Amino acid sequence: MSPAQTKGIVVRMIQGTRRTAVKYLNTTRPDRVEKNMHILRFIGTRSNSSRLALVAVTIVHSRKSPRFMTPSLTMGHQEGEKLDNINTLETRDEDFVERGNNNVSDDNDDQDEHSESSQSHQAVDESDSSEDEVAPRNTIGDVPLEWYKDEKHIGYDIAGRKITKKERQDKLDSFLASADDSKSWRKIYDEYNDEEVELTKEEIKQIGRLLKGKAPHAEFDPYAPYVDWFKWDDAKHPLSNAPEPKRRFIPSKWESKKVVEYVRAIRKGLIKFDQPKEEPRFYSLWGDDSSSADRTKHLAYIPPPKPKLPGHEESYNPSLEYIPTQEEINSYQLMYEEDRPKFIPKRFTSFRSIPAYENAVKDSFERCLDLYLCPRVRKKRINIDPESLKPKLPNKKDLRPYPFACYLEYKGHEDAVLSISLEPSGQWIASGSKDGTVRIWEVGTGRCLRVWEIGEAVQHVAWNPLPARPILAVSAGADVLILNTGFGNEEEQKEIKKLLHIGTSTSDDSDDMSSYLSWHQDEKYDCIRLRHYRTVSSVVWHRKGDYLSTLMPAGESRAVLIHQLSKRLTQRLPFKLHGLPVSLAFHPTRSIIFVATKKNVRVYDMLKQKLIKKLETQLREVSSIAVHPAGDNVIVGSKEGKLRWFDMDLSSKPYQSLDCHRKDITNVAFHRSYPLFASCSDDGTAYVFHGMVYADLNENPRIVPLEILRGHTSSDGRGVLDCTFHPRQPWLFTAGADSTIKLYCH
Amino acid sequence: MDIESETNSRRIQVRFVTKLKARYKVPNTAIAIPSHLHRLGLSSIVNKLLQAVNSEWKTEPFDFLIDGELVRMPLEEFLLAKGLSAEKTLEIEYIRAVSPRREEEPCVHDDWVSAVDGSSPRFILTGCYDGLGRVWKQAGQCTHILEGHTGVVSSVSIINSEGTDSAIVATASKDQTLRLWKFDAEDSSDQPARLRAFKILRGHNASVHSVAAKTSGDMVCSGSWDCTINLWRTNDSDIDGDTVSIKKRKVNNTDEESQSEGEAVSTLVGHTQCVSSVVWPQHETIYSASWDHSVRKWDVETGKDLSDIFCGKVLNCIDVGGEGLALIAVAGSDPILRIWDPRKPETSAPVFQFSSHSSWISACKWHNWSSVHLLSSSYDGKVMLWDLRTAFPLAIINSHKDKVLCADWWKGGCVVSGGADAQLHISSDISIQ
């Protein structure tokens, strides 16, 4: 073993044991600690450190009182001699050395004068100042020593100043020194504390023992005789008299099995021996304490998410690019609450002008609710595309033709046009107006051909559905006039004249009938005048052109009257009407009449004289009704602007409701041949819908809104008052309160 | 900017040619003109050139044709649109612009003018909503009044005016009859002569909407609201039926001695709605337009329906013209004038569509001899002249204050139109080669 190796071991030993020894000294002999600290630096192994320290201390005492010397401390004397040498080596703390020498000399001079106690007292006084200086003096902390290899200092003192290294002797001096000094081989340089120490002979011996693998202390006997504290022979009865079992003497089968198992596993490579740990190349000075090495051993520590650090935008006066523009702020309003940015940067010119946190009350309230464990509703956002909720409607282009453009106007009336009616061939249109006139227009040119002055606001006009009977039923006030239009050839005219001529007998009806209705001959226009006892609101022809139904809303039980033109007979509807009748319509093919009261529509069979069906409109006030040309579907318009489509085969509830108009629907109409229907309203618009009814009963009617027809201007709250389709063309005529009739073409 | 200034200053080599008379000819040399010129600029250049030749030249508008198409935009755009090279010398043909240069004094009627026929150069025949037909010698000079209809005269047609002194005309009315009239066209007196029809044609069950005469003049056809087309003989030949009816009429009404009654020779059935317009351009074929959206071609001999064109709109007027009387111009309940070519197989789309009107079109007429010019009148109060070679109207006659109900060419160079303002306007001096 080389001397350098020996030195290294000793230094390490000193480092390990010094602190324990100091502690020991502090507790045992505090009086002399500070003086003997340098001795402690020579302390060898941990096992005998305390004793060594004790030895060292007693050496010091032995100088002043040799009689206290213990026989085991023969070598202590030598140590005492060495002390001087050591003290001379101490260059750093001269004061300390001097004092030490004085002490020693004092001790030597007046051995008897100074008692133990007085010395100890003095020592206590001194110790206060010097203990901190000498006590554990690692100046560089827990860092490798080589970091200071090339530095001029080693560590820092408490004030932060660099502790400079002692000047090393150059090689020549050290060689000369070693050549002169026979003990130089025992000297070791302590790098941590930057000083040279000399080992004692005893310590060298101890090291030699350690290197040989023996106990460091010469006195320690590893083979001391065994003292059996248990007295075997005195016991009357042995603890157990059982013979030693056999299993104690045979090798364990289980163990051998286990060994075989392990051997096999090792051979297969299932068990691997730990690889020697690699020292990390770099020391992580600022590394996290919760390093990976710790993590593998313990439960994984999941750190909480770090909150975002405040940015420039959260400043009270951020630069302009962080301030959102007004459009951006507006666009935040369109976003969902969750997506909206939580913080909108604002500028304040000074710190003073920053207002209080505006959500303070709200937040504290929320916090209170949280503390109260108050459950709150979490609104679930429904993620449905609104477009997908729309019913799939066919393209409008595929549903052509339908009316959309107004090219022709029929102008001439001086007041609101209340009602229009088309001649069955579609050549003429009749209109009745509030100005008391009935006009007939040529459809193709817009030419007014005839005017009748009725003298009273014309409520309703209806053209006879027979092409060969061009007569017009007109209701004005309480009268219904059957006018001869003068169209048709001579034979037809002759017949009509005969039909419309009543002799002198005007009251040939039964008495009760004459009280509320009378047939008159009107001289002025050579027509029939049916005088009712109440205002007639509408006139409807039966499809055969002979029956005529009139409606008096105020007529109570005689509200609906049915007149037969050829026989000049009148009868009332033999049913009790529940409510005020508003509108009526004939079934287009069968002898069925639809009577709309304010709430419901009742369907009566005229032949069987009974109620067939009651349609619940769910409307507040029905205003108009129209029957599909096939007869199974009915549309009902109401005064609140709602339109209801009833499929009579399906249900008595509406099949579809269309809420388009903003004001009262004034009339609804079906086209005779095209799958179209329309509604017109007081809001000045007319709506055209596609309403396809399939012959297949399994298929529901298809209703598609097509077009909003505008053009009429409103006057005193009324807009479009009547609408009707051309019988053969997909054209819609609308009569407006602005005293015009408009034709919308396809 | 550079490019723009370059195009602005770009010049095109052009040569002006014409098929007009010698006095309209300009020197046949190529000249360079700016490429941004419009028709007006071209016209002024030609006028300048003409003035250089003939110092007494009066400025006149011209229209310009490049490759058979009328120039209606700046030259450079035109060349770009047609893909023509601006490098070559461009040959521009010029013709006299088709537009009325003079507006005659209107002929005032008592009521809406519903029908007009200008096929005779000697007079104009009009029908009116007061039930009278009128014959106008010239603007403002009414020579004859045809009275007898009890309803609105809806259509008029000149049957025979050439050759003989007395002209024969037919009128159709909403009183379900047609009447034939005979008068001396040369008769000119200050007071209009009142005439009665020499023949009444009864047989329709509804208003007669249109009448058209055969080119030979011995027959007329009429379309009516009863969905039929009736064919009638015009000549008062000695048919038994006629004499019988004369006797009958004599018994009934002694006043109408001179009037005979005619019955339909045959009836063409097929339309499902009002037959709004008929034309009889060739000997054996009748074309009819109807409110049932179809145009039909009828064989007169067999009374069969030869072909249909389905239009999708209510049709009000039809005329056949173009080269070889092959193109059918049809218009009706929308502002588009459509022209069909039945020779083109497998197409149901019109070959031309003119859509400058803003309301229903009430009449359309081909020019007598030009195969590219036609006119249309509309309820928006405008009469437009069209050329097949451009999609823009050549001229718009805006003289009416209300709906125009009828329009026709007269004497090749005039347009006569009548409307709801009860006036017949004559726009004359239209130069069509």
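Chains A and B, in that order, give the protein sequences. Residues in the first sequence are numbered consecutively from 23, following this note's numbering. Residues in the second sequence are numbered consecutively from 247, following this note's numbering. Ideal placement from N, C-alpha and C gives every residue a C-beta, glycine not left out. Owing to the predicted nature of the structure, the values given are computational and were not obtained by experimental measurement.
Contacts around residue i, its chain only, beta-carbon distance under 6 Å, and the 5 residues preceding and following it disregarded
i, result
"A/C799", "Not covered by the structure: residue 799 of chain A. The range shown for chain A is 23 to 768."
"A/E359", "none"
"B/E341", "Inspection of the sequence shows that residue 341 of chain B is occupied by Ile rather than by Glu. Closer than 6 Å at the Cβ level, and outside the excluded window around B/I341, lie D309."
"A/S646", "S605, G659, N689, V690"
"B/C660", "I672, S674"
"B/L552", "K543, D545"
Where residue i meets chain B, residues with beta-carbon distance less than 8 Å
i, result
"A/S447", "A452, W471, C520"
"A/P423", "G558"
Cβ neighbours of residue i in the same chain (closer than 7 Å, five flanking residues each side left out)
i, result
"A/Y170", "I162, I176"
"A/Y211", "E218"
"A/Q586", "D568, Y569"
"A/F370", "Y338, N339, I376"
"A/C396", "none"
"A/K418", "L728"
"A/Y344", "H334, E335, P367"
7 Å Cβ cut-off: residues of chain B touching residue i
i, result
"A/T746", "None at all; the shortest Cβ gap to chain B is about 17 Å."
"A/C767", "S579, D580"
"A/S732", "The residue you asked about is not Ser; residue 732 of chain A is Arg in the sequence shown. Per Cβ cutoff of 7 Å: no residues; A/R732 is ~17 Å from chain B at best."
Simplified DSSP state of residue i, which is helix, strand or coil
i, result
"A/P260", "coil"
"B/W544", "strand"
"A/D681", "strand"
"A/A78", "Bear in mind that the predicted position of A/A78 carries a pLDDT of just 38, short of 50, making it too unreliable to give a figure here."
"B/N451", "coil"
"A/K520", "helix"
"A/P727", "strand"
"B/R257", "strand"
"A/R68", "Only weak support exists for where A/R68 lies, its pLDDT of 40 falling under 50; the value from the coordinates is given anyway. Correct three-state label for A/R68: coil."
"A/Y305", "coil"
"B/E337", "strand"
"A/D531", "Because the pLDDT of A/D531 is 48, which lies under 50, any placement of that residue in the model is unreliable, and the number read from its coordinates should be weighed accordingly. Coil."
"A/R369", "coil"
"B/S673", "strand"
"B/A278", "strand"
"B/W526", "coil"
"A/D385", "helix"
"B/F324", "helix"
"B/I678", "coil"
Within chain A, partners of residue i - CB distance below 7 Å
i, result
"B/Q422", "N511"
"B/L651", "T467"
"B/W606", "Y429, L430"
"B/W358", "R469"
Own chain partners of residue i with C-beta closer than 8 Å, once the 5 adjacent residues on each side are dropped
i, result
"A/Q449", "E464, V465, G466"
"B/E530", "D545, V546, E547"
"B/S462", "H529"
Under 9 Å from the C-beta of residue i: neighbouring residues of chain A
i, result
"B/S594", "Ordered by position in chain A, no residue passes the 9 Å Cβ test against B/S594, which lies about 15 Å from the chain."
"B/W478", "The premise fails here: B/W478 is roughly 17 Å from chain A at the closest Cβ pair, so nothing lies under 9 Å."
"B/W537", "G448, G466, R750, Q751"
Under 9 Å by beta carbon: chain B residues contacting residue i
i, result
"A/R565", "Neighbours of A/R565 on chain B: none; closest Cβ ~20 Å, over 9 Å."
Partners in chain A for residue i, counting only beta-carbon separations shorter than 8 Å
i, result
"B/W526", "Near B/W526 there are no residues of chain A at all, since even the closest Cβ is about 22 Å away, more than 8 Å."
Which full runs of the beta strand (DSSP E) of 3+ residues lie inside the region 594-637 of chain A, going along the chain?
603-608, 614-619, 622-627
What are the residues in the region 621-639 of chain B lying within 8 Å of chain A by C-beta distance?
Y625
Using a beta-carbon distance cut-off of less than 7 Å, what residues from the region 347-380 of chain B approach chain A?
W358, Y375
Taking a cut of 7 Å between CB atoms, which residues from the region 750-766 of chain A lie near chain B?
R750, Q751
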